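Numbering follows the working numbering, in which position 416 of the sequence shown is assigned residue number 419; successive positions increment by one, without gaps.
For every residue, glycine included, the Cβ atom is placed at its ideal position computed from N, Cα and C.
Being a predicted model, the structure only gives us computed values, none of them experimental.
Encoded as structure tokens, the structure appears first; notes follow it.
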Amino acid sequence: MADIIQLLPDHVANQIAAGEVVQRPASVVKELLENAIDAGASAIKLIIKDAGKTLIQVIDDGKGMSVTDARLSFERHATSKIRTADDLFQLHTKGFRGEALASIAAIAHVELKTKQEQDDVGTSIVIEGSDVVSQDVVVTPKGTSISVKNLFFNIPARRNFLKSNTVELRHVIDEFHRVSLAHPNISFALYNNGSESFNLPVSNYRQRIVNIFGNKTNEKLVPVEEDTEVLKISGFVGKPEFAKKTRGEQYFFVNNRFIKSAYLNHAIASAFDGLLKSGTHPSYFLNLEVDPQTIDINIHPTKTEIKFDDEHTLYALLRSAVKHSLGQFNIAPVLDFERDPNLDTPYDYKGGETKVPKVEVDRSFNPFQDETKPKTVSSTTYKKEPIASWENLYVGLESKGTKTHQDFSEVHFESEESTPSIFDDEKQIEQVNTTYQLHNKYIVSTIKSGMLVLDQHRAHQRILYEELLKNMTVKEAISQQLLFPLQLHFSTQEITIVKQLKDDLENTGFVFSNFNDESLEITGVPVSVPESEVSIILEQLISDVENEVPDSNFSATDLLAKSMAKSLAIKTGQSLQKDEQEHLVNKLFACKEPNISPTNRSTFITLSVDELDKKFL
């Protein structure tokens, strides 16, 4: 039998390996930004077109590369970060595997321009799908500029799996935030489709957070500081009243590297125990510094997961540090009540001896004894008139030519007053209950064939979804004007999303009076939306837009209707009156698609009499 195992060609092996490192445009952004930081750059620019599908360009002013290094950097497992296996436990750089540039070059058109400070000219290399097209001498400033164009051009299946530009851009911006937050000592700039989205100057950590998430963030931050032999913690947590329903603003950095850790996240959540509303998550921006020998970074392709030697100690230290900060800044309630300074002992009396107070009593006082002392005569005398009888109050009201009493028989009423019995017919007293609410979650109703069990939350979602879609399409939504305008603060990226949906929101009944980079002003809301829930609805909408996985029929109008219906629908656990239950059932079956909710889940089930009979066999 012939041999069937053979080595794969290099270009095929590179394409396969690229799937682990480069999953989407955001993966390329992460790798290129980290390479720029490892090169010692003090200013980094990121240029994006079409959410990175067309162009991703990173320009830095780092140390650059020589001609040999520039060519060798695109070879697999070629790196300047480590020399031996022991270096994996002394990592002070972002990259160390030597896979990123080789993987990117295998599935895109790459152009590299680089120059070292002592050189007069730089090097330009053009690579298409692992094939070096050209290598020339070029005039370029100190540092490196790398452009990645037409991502996944030779793997059309992977390109088709990419999401919409909105979703991919959200992932790119997330990666940009993670890298820029970890390095406030480096200036960053992001340009999207020719317009400047972020320009972050060199600053301290608090100012870097404010520059990214808006000026309103400054008042939400509570500093956290702890320094031990095992762990050094620095950063900020958000105040409980500003907790969000999404996990967007949660950042852990270990030795200036962004990581994800459900275990450490639980430590933060337990520190906030009792301070947060149900379903909300705290914000945090925490830097953890540990000994590089106690962690293992080389366990995941994206390097966002880290293995710690002693997780339990880190958990306890992190939880206590956050809890201490919340208490220190009067965020968390404490047992000591606020004392009233007025109750303190005056300074003059401090240190003095205390004496029993003397009480003087007039023992000769008799409250029942008549007064014999002469009364002082007032300068003005008052003569008490005898009280007249009540008839005298009406003297003089009668005049000649008028009747002494009013004849009420001549008064005509507009309608005859009648107070008939509410229950004239005894049959009206008997009221038939056709619906029942079960555990404040399901509505049970009778039908001819048996019984109907309806999920009140999903049913109301369907009703609101169709009403909102109709309002947005017909554009006849009724708006309720607010007495005082409502001002909401969001980050720059969140404001951009709301601006994109402004027209559809106005069709549902929202009225916007003012927009700027960090806040918006609302003067009118839909009739069915309480003013207190406006911020919750918009936060949920922004989250849905950021995390939506659109299909071929995706539209902003449909997503908006789904998001608002989910926010406004009757929640599980809410008690409903009989007429509300019946109204909900009737409205559901008046919908075009009563069987399923907007998220394609069943709204009700039916049980026939035959099925019930089988239960009793």
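Segment limits, beta strand (DSSP E) that includes residue i
{"i": "R209", "result": "Segment 208-216 is the alpha helix (DSSP H) holding R209; no beta strand (DSSP E) there."}
{"i": "I62", "result": "58-63"}
{"i": "E470", "result": "Run containing E470: none in the beta strand (DSSP E); it sits in the alpha helix (DSSP H), 459-477."}
{"i": "D134", "result": "134-141"}
{"i": "P529", "result": "522-529"}
{"i": "P488", "result": "482-492"}
{"i": "H112", "result": "112-118"}
{"i": "S516", "result": "514-518"}
{"i": "S150", "result": "146-152"}
{"i": "I446", "result": "445-450"}
{"i": "L2", "result": "The chain is shown from 4 up to 620; residue 2 falls before or after that span and cannot be answered."}
{"i": "N202", "result": "198-203"}
Member of the options whose CA lies at the smallest distance from the CA of residue i
{"i": "E497", "options": "L486, L523, N510", "result": "L523"}
{"i": "A185", "options": "K248, L203, K595", "result": "L203"}
{"i": "Q121", "options": "A319, V70, I545", "result": "V70"}
{"i": "A111", "options": "G67, I59, T126", "result": "I59"}
{"i": "F332", "options": "A270, L320, G241", "result": "G241"}
{"i": "S237", "options": "A73, E292, N214", "result": "E292"}
{"i": "G197", "options": "T57, L115, T438, K247", "result": "T57"}
{"i": "D520", "options": "S200, K118, A42, I158", "result": "S200"}
{"i": "E228", "options": "F239, F164, L441", "result": "F239"}
{"i": "Y445", "options": "T438, M454, G453, D458", "result": "D458"}
{"i": "V170", "options": "L620, A29, A593", "result": "A29"}
{"i": "E252", "options": "E583, S546, K617", "result": "S546"}
{"i": "H492", "options": "D6, N221, A39, T307", "result": "N221"}
{"i": "T499", "options": "Q484, V548, I608", "result": "V548"}
{"i": "I298", "options": "V257, S578, P370", "result": "V257"}
{"i": "Q490", "options": "T307, I525, S482", "result": "I525"}
{"i": "E150", "options": "L234, A39, Q9, P488", "result": "In the sequence as presented, Glu is not what sits at residue 150; that position holds Ser. Selected option, being the one with the closest Cα: A39."}
{"i": "F261", "options": "E34, G527, E534", "result": "E34"}
{"i": "P488", "options": "S452, S535, N510, Q296", "result": "S535"}
{"i": "Q464", "options": "K569, V501, V456, P295", "result": "K569"}
For residue i, three-class secondary structure by DSSP
{"i": "N221", "result": "helix"}
{"i": "G330", "result": "helix"}
{"i": "R623", "result": "Because the chain in this structure spans residues 4 to 620, residue 623 falls outside the shown range and cannot be described."}
{"i": "K502", "result": "helix"}
{"i": "N259", "result": "coil"}
{"i": "S189", "result": "Residue identity differs from the one stated: residue 189 is Ile in this sequence, not Ser. DSSP places I189 in coil when its eight states are reduced to three."}
{"i": "A46", "result": "strand"}
{"i": "Q121", "result": "coil"}
{"i": "M567", "result": "helix"}
{"i": "F288", "result": "strand"}
{"i": "T297", "result": "helix"}
{"i": "D230", "result": "strand"}
{"i": "E534", "result": "helix"}
{"i": "K367", "result": "In the sequence on display, residue 367 carries Ser and not Lys. Three-state result, S367: coil."}
{"i": "F155", "result": "coil"}
{"i": "S264", "result": "coil"}
{"i": "Q9", "result": "coil"}
{"i": "S600", "result": "coil"}
{"i": "F245", "result": "helix"}
{"i": "S323", "result": "helix"}
{"i": "I432", "result": "Any reading at I432 is ruled out, since the residue's pLDDT is 37, under 50, leaving its predicted position unreliable."}
{"i": "L279", "result": "coil"}
Extent of the continuous alpha helix (DSSP H) to which residue i belongs
{"i": "P28", "result": "28-41"}
{"i": "V175", "result": "168-185"}
{"i": "V612", "result": "612-618"}
{"i": "Q2", "result": "With the chain running from 4 to 620 in the structure shown, residue 2 is simply not present."}
{"i": "L104", "result": "103-109"}
Buried or exposed (CB count within 10 angstroms, at least 16 for buried), residue i
{"i": "F513", "result": "buried"}
{"i": "P12", "result": "exposed"}
{"i": "A42", "result": "buried"}
{"i": "E596", "result": "exposed"}
{"i": "I128", "result": "buried"}
{"i": "P601", "result": "buried"}
{"i": "G355", "result": "exposed"}
{"i": "T117", "result": "buried"}
{"i": "G604", "result": "It should be pointed out that residue 604 corresponds to Arg in this sequence rather than to Gly. Answer is exposed; the Cβ neighbour count stays below 16."}
Heavy atom of the ligand ATP within 7 angstroms of residue i beta-carbon
{"i": "H284", "result": "As far as ligands go, the structure on display features none, and thus does not contain the ligand ATP."}
Exercise for the section: Check whether the stretch 457-473 touches the stretch 560-568, counting contact only when three or more Cβ pairs, one atom from each stretch, lie closer than 8 angstroms. Expected result: yes
Handout entry: Three CB pairs or more closer than 8 angstroms across the stretch 125-141 and the stretch 44-59
Key = no
Handout entry: contact_flag[the stretch 586-599, the stretch 500-519] where n(CB pairs < 8 angstroms) is 3 or more
Key = no
Exercise for the section: Flag this pair as touching only if the stretch 172-184 and the stretch 127-134 have three or more C-beta atom pairs under 8 angstroms; answer yes or no. Expected result: no
Practice task
Tell me, please, whether the stretch 311-327 touches the stretch 257-275 by the rule of three or more beta-carbon pairs shorter than 8 angstroms.
Solution key: yes
Exercise for the section: Could you tell me whether the stretch 215-229 touches the stretch 262-272, where touching means 3 or more Cβ pairs closer than 8 angstroms? Expected result: no
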